[in-house]
Amino acid sequence: MEAMKVQDLAINDLPWKIEYNAERCTMCGSCVASCTFKAIKVEVQRKSITLSEANQPEPIHRQLALPVIKQVADINCACRGCGMCERVCPNNAIRAVRNPDNRRNLLFNRPIKRGGRTNLNAQRTLDKIIVGRISQMTDPSLDSIRHTFDIRSPLGRVLSPKELPMIMEGGKLVMTKTTPPVRWIYPLIFSDMSIGALSTRAWEAVAMAAAYLNEKCGLPVRMSSGEGGMPVKLLESEYLKYFIIQIASGHFGWNRIIKAMPRMKVDPAGVLIKIGQGAKPGDGGLLQAEKVAPHVQAIRGVPKATLSSPPNHQGLYSIEESVQKMHLSLNAAFGFRVPVAIKCAASSTSVSVYNNLLRDPYKICGGFFIDGIQGGTGAANEISLDHTGHPVVSKIRDCYLAAIEQGAQGQIPLYGGGGIGMTGNAAADAFKMICLGANGVFCGKILIQLLGCVGNEQGRCNACNTGKCPTGICTQNPRLVKRLDVDKGAQKIVDYVLAFDAELRKLMAPIGNSSLPVGRSDALVSTDKAIADKLGIQYVC
Amino acid sequence: MLKITTIKNNERMSTQDLLLMIEAAVKAGETDFEIAASGQHDIGGPLWHPEGKTLNFHVTNAGQRVGSMCLPNTEIIVEGSTSADVGWLNSGGIITVKGDVGDTAGHCSSGGKIYIGGRAGTRTGSLMKHDPLYEEPELWVLKNVGSFSFEFMGGGRAVVCGVDCENFSSVLGERACVGMVGGVVYVRGKISDYPDDILCLELDSDDVAFLKSGMNHFLNAVEKSELIAELSDWREWKKLRPLTFEEKKPQVLPDLAAFRKNDWVKGGIFSDVADDDFTVLNTVNRGLYRLRVPTWDNAKFSAPCQFFCPTGIPTQKRLALLRQGKIEEALKLVLKYTPFPGSVCGTLCPNPCMEGCTRSTIDEAIKIDELGLQSAYVEVDPPKISSGKQVGIIGGGVAGLSAAWQLRLLGHSVTVYDDANQIGGKLAQVIPHSRMPQELLQTELNRIEKIGVKFVTGCKVDAAKFNQICDTNDAVLVAVGGHKARYFNWEGAELLTHGIEFLKAINRGEKPHVGKKVVVIGGGNSGMDVATSAYEQGAESVVVVDVVKPAAFAKEIRRLEDFGGKIVWPFVTKKITADGIFSDDDRFIAADQVIVSIGEAPVLDFLPEVKKFRDWLVPDVEKKILPKVFAAGDVIKPGRLTDAIGDARLTALMMNQFLRGEKISPLPAKKIIPAENLSKKFFEKCHHCDLPDPMHEHLRCVSCGTCRDCKMCLNSCPEKAISRIELSDGSWQYISDESKCIGCGICAGVCPCGVWNMSDNPKEISMYRLYNAG
């Protein structure tokens, strides 16, 4: 007789169920030993049966106590569907299966926190857009493989020609004063995942991939540090030039960044002021205490504690201030030699912000990064992930058109992110975003997915906030961090970006652009009337 | 010779008319054409003479695609310059343009020769091919070509002589030879960029021979033979050719591991705060890198029987000894905890041990009560050691005797003082003999005496006697229990008979007065004792009243009901009269005797001023009420017999520490084993008819928290990491070898007793630090 109360938590309440086949199981223990969530355990199962083998009822009693692998019915140890058990099982005896009837949201007695990206607003505008204008008779298309392409985007404030401080002197153009710094970079930026959110190995793998793409492949890919500071060794190395240093509301890591300034051999690629992020607009960064290991404490200058960045920069009270004070200070920090850009969560107010930046008389805003609702995060309240935010696609378009209206397009480069590569092809996403007016895109989640992250927007894993990341990417537990192969991970990113580059050409060639088709919305069509209307592109069917 | 003038009277002949006229003439046998064109396309091909004779064209002012699709035996000379696509798809003609040409000259030509006496536009020579069945095409340009020249070229030879190009940075324009896979481009003069898969080489003798033999023809054709010397310095020439398919190797970039080793920041960018050798772990590891580790926590947790026993008797250990066949040891073990396994465990105790028994969740609780009886007659040797310390114990009830037992076994001299004429306290004086077989009790009391405890009975302890006891002993225990009936200040309370006195009188063999109709106030076990004793003493009816549901055990209530007694509750007594008892809601129960039995308070008139709560003593954490005076049992708080025995045992252990001059600290309490740690599934439910006798209960005992040595772990460990070690005293240990263990937890999962437990690997890995240590 079993004792079960209907309100007891049961396996079928949980979002993932372990499907286990005792007949195939060899009891090698590998699945249990691998599971970081303690979602499975070994238990003894009893079979107590009375049977009869004779020609008349002659009861024989059999008792069998069989060790099995059993899922743990505890919301705190709930299976996250990471699938490590299935990967390690030598005999295909176990796997996690999504449970559509789960009662997950009803089981917690507190707001749910998790990592990953929105699971509720995962529908995609970009997948409803097609590159529909192919150069054929009208104008020459290009050969994506054999022709050369100029795939570079500006990072920095681009002056309009009439603003250039130039005079003719002895038959030559001479600059009368310095112009804002502009770097021509690859239109794919590795975006802000902090030291702390990522393990040392994961962060290093991404950084190494960025450096490699520059040094060995000639692609000027830049990586943004995220708001957890920068490794001192990197600050002091020649590779710093490939890195954009981020400053967010917590200003974490700037203790060591400033101290390293006298020893910097080169300037960083840029500075990115993070005002908000698409995954959880209105929230500051969040790093659960579980992940605040000694090196994170050191680089950030804080003790072990849950680190919540304020929702806003403490010293900024208005948009004017944010431009004048924040941009000015960070331009000044590197002698006005380094472009300073700003990143905001996409919002219904993005255009106002962009207009404001465009009006900046000091010309010190070097880029506007808009982060959409499909951006990822290492930790956020699920309500923020799923119910706050703004899609990025139309926002990039709106901002671009707003600039066009003022004849100021291209002056403050627009970068869009949040879900780039979400359905697998970042090149297609980037191309479409660029055609709609972005100068480039930034991506984060896909990078860690390349490293081996198994999380997705169908509720798989998303345990980045727990410190129990099974792939060693989003954890500071040495036992897990050491699971991650830095070289292999970096290689995957490099390979992906090289493929990205080839594929970007594959889209540029048929529309006949050998340079980035910024704003060439004529190249795009949509099979969705509403999207076509909103973005001002052809509706086709 | 057919002369064609394409403009007559300001009328221009269309391309179609011109070409049809030429074709008709060729068919008619004409071989020589003098054409004054006006931009007509495609002059010169594809044409063939019916007899295979050579066709000669002399053209001025041609349009695009002069010589397009030319077949062999066609020779075209264009005076001056012409526009794009000269020799498009040329398949054998010799086409000479004396001046410049537009874009895409020689495009896709696969045979013949094209001579250009000036400059050529962009994409010159693009997609030239060589059909191996025929001679390769040649394209000669005197000066230079525009950008994207020789794009996608697949065969043939192109010669760019670079004459008159001083102001050009590249005689091949920008981005020459993109996508070129075959053929060769000879070039004289500056060239700029060309792709990585193109080789720029010095000429070899074959090249020189080709150029030498062709140059005269070319220069003669374009009427620049004076340049022969200038163009014959072969050191000024280079040739471009693509890598062959075999030569082309996929671009090999260093892998990231090499990059990290050779180019990247040495030791990694986090090397100041992280020790990382970048080795990669599997998800399953042994030793240090296991996520979790097993521990063999034998007897770390209390079994429920032990946990719920106020005396703390570890019955699981008794059964473990029985399981090992150590019967005597098993029966003696309980005597380390209580001198009354028969009288209390086996007879009077409600056995909370059994209520908590894990086995009761499978079938029925282990029969711990009956097991107690098995130890009733077991002899215990007096202690072999003597501490030389004297202990006086005031009160010969279960608390005093339990303490005396413990202290004596620990080697102290113990004297127990009691005011009654027999030792045993309530066991002897109050509990009806029907419930407490006297022979059993006497056996256990004698056992206490046999180990050397001195009994002084009939000794009323007053203040003077107390002082004397204190003076003559090294430590004193006050364990006088509760002997003063408690009741409220009801109206008529003076009419009450005190239950405790009533029972004591019966046990003394007296015949106390009993009414015909008796009401007993208090529905506890002692109330039931009073009520059933009243029947035994001759009462005709007994009613037990209580304010709440009676707390007596079911079997005690049943005993009352067997006599015909009744219980009334809730009944809040208001007053007692000679006729009966009234409740506060004016119910009346007729009675000629009302006996109160709602508990007793201690009589402590012999003590000086000490800390109390109401009538009860409040000892300090060391169980002391005075510098060397301790207290235990019902003088502190009313409780069950087992509560008093357990309290006295713990007090005795602290007194022992006191007597030995050690720091007094209470025994640490073990936590109860979490039920989920146990694997009950091994145990088959036992039919109640098949329950074993108490001496075989070890077959049913789950052995909660104590290793039963079943070897399930030993045999289940997939890594064979577990060993069993037998110690010299016959006990054993199981050890998990960390160099083999992967932390899977199978040992913990299959351990029926919950002895193996998994916890997060406690070993720190020193990977991260705040500062650079080195």
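Protein chains in written order, with the numbering used here: chain A, -15 to 525; chain B, 30 to 803.
For glycine and all other residues, C-beta sits at the position ideal for the given N, C-alpha and C.
Closest Cβ-Cβ distance between A:T184 and chain B: below 8 Å? Mapped onto the first sequence, residue 184 of chain A falls at position 200. Yes, A:T184 lies at the interface with chain B (some Cβ there is under 8 Å from its Cβ).
List the endpoints of the continuous alpha helix (DSSP H) containing B:G454. What you label residue 454 of chain B is simply residue 425 of the second sequence in a count that begins at 1. Unbroken alpha helix (DSSP H) run through B:G454: G454 to Q458.
Contact criterion: CB-CB distance below 8 Å. Does B:N380 meet it with respect to chain A? In the second sequence, residue 380 of chain B corresponds to position 351, counting from 1. No - not a single Cβ of chain A is within 8 Å of the one on B:N380.
Please confirm whether B:V420 and B:M683 have their CB atoms less than 8 Å apart. Numbered from its first residue, the second sequence carries residue 420 of chain B at position 391. Numbered from its first residue, the second sequence carries residue 683 of chain B at position 654. Contact check for B:V420 against B:M683 fails: the beta carbons are separated by 8 Å or more.
At a Cβ threshold of 8 Å, is B:V731 touching chain A? The sequence position of residue 731 of chain B within the second sequence is 702, counting from 1. For B:V731, the answer is no, since every Cβ of chain A falls outside 8 Å of its Cβ.
Bounding residues of the alpha helix (DSSP H) (the contiguous stretch that carries B:C742): Reading the second sequence from its first residue, position 713 is the one you call residue 742 of chain B. M741 to S745 is the extent of the alpha helix (DSSP H) around B:C742.
Run through chain A and tell me which residues come within less than 9 Å of B:P747, C-beta to C-beta. Locating residue 747 of chain B in the second sequence gives position 718, counting from the first residue. In chain order: T10, M11, C12, G13 and S14.
Could you give the residue range of the beta strand (DSSP E) that holds B:Y763? As a working note, residue 763 of chain B is residue 734 in the second sequence. For B:Y763, the enclosing beta strand (DSSP E) starts and ends at W761 to S765.
Using a C-beta cutoff of 8 Å, does B:C334 count as contacting chain A? Within the second sequence, the letter at position 305 stands for residue 334 of chain B. Not an interface residue.
Assuming B:W77 is part of the alpha helix (DSSP H), what are its boundary residues? To locate residue 77 of chain B, count along the second sequence from 1; it is residue 48. Where B:W77 is concerned, there is no enclosing alpha helix (DSSP H), given that its DSSP letter is neither H nor E.
Helix, strand or coil at A:A447 according to DSSP, with G and I counted as helix: Locating residue 447 of chain A in the first sequence gives position 463, counting from the first residue. In the three-state reduction of the DSSP assignment, A:A447 falls in the coil class, being assigned neither a helical nor a strand state.
Under 8 Å from the C-beta of A:I283: neighbouring residues of chain B: Within the first sequence, numbered from 1, the residue matching residue 283 of chain A stands at position 299. Under the 8 Å cutoff, chain B gives V302.
Taking 8 Å as the threshold (beta carbon to beta carbon), is A:L218 in contact with chain B? If you number the first sequence from 1, residue 218 of chain A lands on position 234. Chain B, which has a Cβ nearer than 8 Å to the Cβ of A:L218, makes this yes.
Taking 8 Å as the CB-CB limit, is B:P283 close to chain A? Within the second sequence, the letter at position 254 stands for residue 283 of chain B. True, the Cβ-Cβ gap to chain A drops below 8 Å.
Against B:T312, what residues of chain A qualify as contacts under a CB-to-CB distance less than 8 Å, listed in chain order? Taking the second sequence and counting its residues from 1, one reaches residue 312 of chain B at position 283. S14, A17, S18, M68, R71, V72, P454 and R467, listed in chain order.
Spell out a yes or no on whether the region 384 to 397 of chain A and the region 114 to 131 of chain A are touching, meaning 3 or more CB-CB pairs, one atom from each, closer than 8 Å. No, because fewer than three Cβ pairs between the region 384 to 397 of chain A and the region 114 to 131 of chain A fall closer than 8 Å, the two stretches do not touch.
For B:E203 and B:A250, the rounded distance between their alpha carbons: Residue mapping note: residue 250 of chain B aligns to position 221 of the second sequence, counting from 1. Residue mapping note: residue 203 of chain B aligns to position 174 of the second sequence, counting from 1. Straight-line Cα distance between these residues: approximately 28 Å.
Could you compute how far the alpha carbon of B:D306 sits from the alpha carbon of A:Q298? Within the second sequence, the letter at position 277 stands for residue 306 of chain B. Within the first sequence, the letter at position 314 stands for residue 298 of chain A. Their Cα atoms are separated by approximately 40 Å.
Outcome for B:F712 when other beta-carbon atoms lying within 10 angstroms are tallied against a minimum of 16: Taking the first residue of the second sequence as position 1, residue 712 of chain B is located at position 683. With 16 or more Cβ atoms within 10 Å of its Cβ, B:F712 is classed as buried.
Beta carbon proximity, B:K710 to chain A, threshold 8 Å: Taking the first residue of the second sequence as 1, we reach residue 710 of chain B at position 681. Taking 8 Å as the CB threshold, B:K710 lines the interface with chain A.
For A:Q475, which residues in chain B fall below 7 Å Cβ to Cβ? Your numbering for residue 475 of chain A matches position 491 in the first sequence. Scanning chain B for C-beta atoms nearer than 7 Å to the C-beta of A:Q475 yields D284 and L285, reported in chain order.
For the beta strand (DSSP E) that B:G609 lies in, which residues bound it at each end? Counting from 1 along the second sequence, the entry for residue 609 of chain B is found at position 580. Per DSSP, B:G609 belongs to the beta strand (DSSP E) from G609 to S612.
Interface residues of chain B facing A:A49 [CB-CB closer than 7 Å]: In the first sequence, the residue the question calls residue 49 of chain A occupies position 65. A:A49 reaches chain B at K710 and F711, counting residues in chain order whose Cβ is nearer than 7 Å.
Anticipated Cβ contact below 8 Å, B:P648 with B:A630, distance rounded: The residue given as residue 648 of chain B occupies position 619 in the second sequence. The residue given as residue 630 of chain B occupies position 601 in the second sequence. Contact between B:P648 and B:A630 does not hold, since the beta-carbon distance rounds to 17 Å and is not under 8 Å.
Using the rule of at least 16 other Cβ atoms within 10 Å of the residue's Cβ for burial, across every protein chain shown, is B:W785 buried or exposed? By one-based count along the second sequence, residue 785 of chain B stands at place 756. Counting Cβ neighbours within 10 Å, B:W785 comes out buried, since at least 16 surround it.
Helix, strand or coil for B:G803, going by three-state DSSP, please let me know. Taking the first residue of the second sequence as position 1, residue 803 of chain B is located at position 774. With a pLDDT of 43 at B:G803, under the threshold of 50, the predicted position of this residue should be treated as unreliable, though the coordinate-derived value follows. In the structure shown, B:G803 falls within a coil segment according to DSSP collapsed to helix, strand and coil.
Buried versus exposed call for B:F642 [16 or more other C-beta atoms within 10 Å across all chains shown]: Against the second sequence, residue 642 of chain B aligns to sequence position 613. Around the CB of B:F642, fewer than 16 other CB atoms lie within 10 Å, so the residue is classed as exposed.
Using C-beta distances below 6 Å, list every residue in its chain close to B:G803, excluding the 5 sequence neighbours before and after it, in chain order. Counting from one through the second sequence, the residue named residue 803 of chain B turns up at place 774. Bear in mind that the predicted position of B:G803 carries a pLDDT of just 43, short of 50, making it unreliable; the figure below should be weighed with that in mind. Same-chain partners within the cutoff: there are none.
Pull up the distance between the alpha-carbon of B:L168 and that of B:A57, whole angstroms please. Here residue 168 of chain B corresponds to residue number 139 of the second sequence, with the count starting at 1. Here residue 57 of chain B corresponds to residue number 28 of the second sequence, with the count starting at 1. Their backbone Cα atoms lie some 32 Å apart in a straight line.
Using a Cβ-Cβ cut-off of less than 7 Å, list which residues of the region 18 to 38 of chain A approach chain B; keep chain order. Legend: CB atoms of the region 18 to 38 of chain A lying less than 7 Å from CB atoms of chain B belong to residues S18, T20, K25, V26, E27, V28, Q29, R30 and S32.
Quick check: is the beta carbon of B:C773 nearer than 8 Å to any beta carbon in chain A? Here the question's residue 773 of chain B lines up with position 744 in the second sequence. Taking 8 Å as the CB threshold, B:C773 lines the interface with chain A.
Bridge partners for A:K54 per DSSP, in chain order? Position 70 of the first sequence, counted from the start, is the residue given in the question as residue 54 of chain A. Residue pairing for A:K54: DSSP places it in a beta bridge opposite A:K25.
Using CA coordinates, which residue listed in B:G628, B:Q458 and B:L646 is at the minimum distance from B:F635? Taking the second sequence and counting its residues from 1, one reaches residue 635 of chain B at position 606. When each option's Cα is compared against that of B:F635, the closest is B:L646.
Give, in chain order, every residue of the region 382 to 410 of chain B whose Cβ lies closer than 9 Å to some Cβ of chain A. Contact residues of the region 382 to 410 of chain B toward chain A are T390 (C-beta to C-beta distance below 9 Å).
Would you call the region 93 to 100 of chain B and the region 110 to 127 of chain B in contact, with 3 or more CB pairs under 8 Å? They touch, by the three-pair rule.
Can you pull the chain B residues whose beta carbon is under 7 Å from the beta carbon of A:A277, in chain order? Taking the first sequence and counting its residues from 1, one reaches residue 277 of chain A at position 293. Close to A:A277, with beta-carbon spacing below 7 Å, are these residues of chain B in chain order: Y797.
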